[in-house]
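Below is one structure, written out as structure tokens; comments come after it.
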Amino acid sequence: MPKTGTKTDWAPRPNPEFSLRIFGVTLAQFRRASIIVAVVVALLVPFAVEDFAVFQMTQLIYLSIAVLGLNLLTGFNGQFSLGHSAFMALGAYTAGIMMAQWEVAYYWTIVPAGLICFVAGFLFGLPALRLEGLYLALATFALAIAAPQLLKYKHFEHYTGGVQGLDLFKEDSPIAFLSTDQWWYYFCLFFGVLLIVAAWNLVRGRTGRAMIAIRDNPIAASTMGINTSVYKATTFGVSGLYCGVAGALSAIVVEFIAPESFTFIHAILLLIAMVIGGLASIPAAIIGGAFILYVPTFSEAVVDAFFGGDPSSKALVWVSFGVVMVVVVYLMPMGFAGFIRWNLRKLAR
455 MPKTGTKTDW APRPNPEFSL RIFGVTLAQF RRASIIVAVV VALLVPFAVE
505 DFAVFQMTQL IYLSIAVLGL NLLTGFNGQF SLGHSAFMAL GAYTAGIMMA
555 QWEVAYYWTI VPAGLICFVA GFLFGLPALR LEGLYLALAT FALAIAAPQL
605 LKYKHFEHYT GGVQGLDLFK EDSPIAFLST DQWWYYFCLF FGVLLIVAAW
655 NLVRGRTGRA MIAIRDNPIA ASTMGINTSV YKATTFGVSG LYCGVAGALS
705 AIVVEFIAPE SFTFIHAILL LIAMVIGGLA SIPAAIIGGA FILYVPTFSE
755 AVVDAFFGGD PSSKALVWVS FGVVMVVVVY LMPMGFAGFI RWNLRKLAR
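Under my numbering, think of the first position of the sequence shown as 455, with each following residue one higher.
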């Protein structure tokens, strides 16, 4: 028996977020400072770069939203999906049809697109409850394959534009001192920050703990009284909502949507972004989105520099992209987020 007042083996250990220090501050303080710096940079950077770079950063925002939605499903809930390009397509076409056919203002299309995709994700998640692992992957992959073909179906052409897609009109900036690209950047940034904060609160609340418990051990979670069916289907719906909002933003920003914009290749890229960024990490969505946006662009520039824009060399762009992806996964098997987290813990004292 240990003496009264002595330290025992079962004594609670200090939280490393507050006990470990890096650069003279705790990890929690360092994280808060990093968030503040990131927000300030995000607000000011459009004034320091050219319009094309601002347009690319706008693309990064809605790609990050889609990757975050997939990460909520796979990283935090353990459900594998290869079909989230279909939810992006549904959100994009919801916004596009409302704007082109019904003449609805663009800012009124985001919420309906997200809600419709939430319902679609929830309904798809119900039959998917009986599927796990590779079988769930095949079911979602079938969804990604079918979505572009449905959009081309001749009976839907009046709404979807068929193979030709829909041309959308993008309004100019309503604020005099902002260019059009800057305005759309801040418009997307608003929804990006809103959804990141929502995801942050979700995964750290009761719902998030239930999602993670189902991911780690569904049988134990069910024994503890967690309704696994409801949480799985709801997570599918929330994930679809995120991708729907991302799709709607992409339609508004690019001013054009077509079935070929949302093929299964797009679904694979979202999966790559999630893995490269890091599973079960909210900031990782931004890193993963940047990877699938900028690495192919950089690879294309390198290939053009070596081969002088030869059309036959275009295949090398994706070859080099694949090589970079393999190297990153080999060096950082837990993704960029896991690599950064590991190094911060190593630096902490």
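Heads up, the beta-carbon is just placed ideally off N, CA and C, and yes, glycines get one too.
Residue j beta carbon less than 8 Å from that of residue i
i: residue 563; j: residue 548; result: yes
i: residue 613; j: residue 555; result: yes
i: residue 575; j: residue 695; result: yes
i: residue 743; j: residue 521; result: yes
i: residue 718; j: residue 582; result: no
i: residue 712; j: residue 619; result: yes
i: residue 642; j: residue 703; result: yes
i: residue 567; j: residue 545; result: yes
i: residue 572; j: residue 662; result: no
i: residue 492; j: residue 536; result: no
i: residue 542; j: residue 716; result: yes
i: residue 682; j: residue 674; result: no
i: residue 693; j: residue 478; result: no
i: residue 757; j: residue 767; result: yes
i: residue 560; j: residue 553; result: yes
i: residue 518; j: residue 706; result: no
i: residue 645; j: residue 699; result: yes
i: residue 680; j: residue 664; result: yes
i: residue 508; j: residue 639; result: yes
DSSP state of residue i mapped onto helix, strand, coil
i: residue 558; result: coil
i: residue 658; result: coil
i: residue 480; result: strand
i: residue 461; result: The predicted position of residue 461 is uncertain, since its pLDDT is 48 and thus under 50; a value taken from the coordinates is nonetheless stated next. Reduced to three states, the DSSP call for residue 461 is coil.
i: residue 620; result: strand
i: residue 705; result: helix
i: residue 718; result: helix
i: residue 608; result: helix
i: residue 754; result: helix
i: residue 530; result: coil
i: residue 522; result: helix
i: residue 456; result: With a pLDDT of only 49 at residue 456, under the threshold of 50, the placement of this residue in the model should not be trusted; the figure read from the coordinates follows. Three-state DSSP puts residue 456 in coil, outside helix and strand.
i: residue 797; result: helix
i: residue 535; result: coil
i: residue 737; result: coil
i: residue 789; result: helix
i: residue 615; result: coil
i: residue 563; result: coil
i: residue 686; result: helix
i: residue 802; result: coil
i: residue 628; result: coil
i: residue 680; result: coil
i: residue 503; result: coil
i: residue 725; result: helix
i: residue 588; result: helix
i: residue 762; result: coil
Residue i burial status per 10 Å Cβ neighbour count (16 or more: buried)
i: residue 539; result: buried
i: residue 609; result: exposed
i: residue 514; result: buried
i: residue 801; result: exposed
i: residue 670; result: exposed
i: residue 460; result: Its pLDDT being 48, under 50, residue 460 is placed unreliably by the model, and nothing is read from it.
i: residue 601; result: buried
i: residue 550; result: buried
i: residue 603; result: exposed
i: residue 631; result: exposed
i: residue 785; result: exposed
i: residue 462; result: The predicted model places residue 462 with a pLDDT of 45, which falls under 50 and marks its position as unreliable, so this point remains unresolved.
i: residue 751; result: exposed
i: residue 588; result: exposed
i: residue 501; result: exposed
Opposing strand residues paired with residue i [DSSP bridges]
i: residue 711; result: 620
i: residue 475; result: 480
Closer than 7 Å: residue i CB and nearest the ligand ADP heavy atom
i: residue 612; result: Only the bare structure without any ligand can be found here, which leaves the ligand ADP out of the picture.
Just checking, does the stretch 621-631 make contact with the stretch 483-492 on the three C-beta pairs under 8 Å criterion? no
Is it the case that the stretch 759-774 contacts the stretch 788-801, given that we only count it when at least three CB pairs across the two stretches are under 8 Å? no
Between the stretch 656-668 and the stretch 678-687, do at least 3 Cβ pairs fall closer than 8 Å? yes
Is there contact here, the stretch 732-743 with the stretch 641-658, by at least three beta-carbon pairs under 8 Å? yes
Across the stretch 771-790 and the stretch 719-735, are there enough close Cβ pairs to call them in contact, namely three or more that are closer than 8 Å? With a cut-off of 8 Å, the stretch 719-735 and the stretch 771-790 count as touching, because enough Cβ pairs lie within range.
Pairs of beta-carbons, one from the stretch 503-514 and one from the stretch 625-644, closer than 8 Å: are there three or more? yes
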